[in-house]
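Undergrad:
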Amino acid sequence: MSFTDRSDAPIYAELVAELGDAPAEARRTAEQTQRELERTMNFNGMPSYEFS
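In structure tokens form, the structure reads like this:
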């Protein structure tokens with residue numbers, strides 16, 4: 001749910017104006033972290049090494 005979805009709630013709008021949209025920021029941070037983790041853990045195309 002974005003800020004525009006909650007714009008009919010005046011208290012929420014006031015809090016966002018004063019403090020920022022914490023749920024949206026947390027969501028963006030989580031999505032960015034997930035993308036970074038997927039890039040970091042993507043072993044496709046990497047050479048395989050055999051250990052003896």
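Under this note's numbering, think of the first position of the sequence shown as 1, with each following residue one higher.
Note that the Cβ used here is the ideal one computed from N, Cα and C, for glycine as well.
Being a predicted model, the structure only gives us computed values, none of them experimental.
#1: Under a three-way DSSP split, which group does Ala9 fall into?
#2: What's the C-alpha gap between Glu14 and Asn44?
#3: To the nearest angstrom, how far is the alpha carbon of Asn42 from that of Ala9?
TA: On the basis of the data shown:
#1: The answer is coil: DSSP assigns Ala9 none of H, G, I, E or B.
#2: Using only the alpha carbons, I get a separation of about 47 Å.
#3: Cα to Cα, Asn42 sits roughly 42 Å from Ala9.
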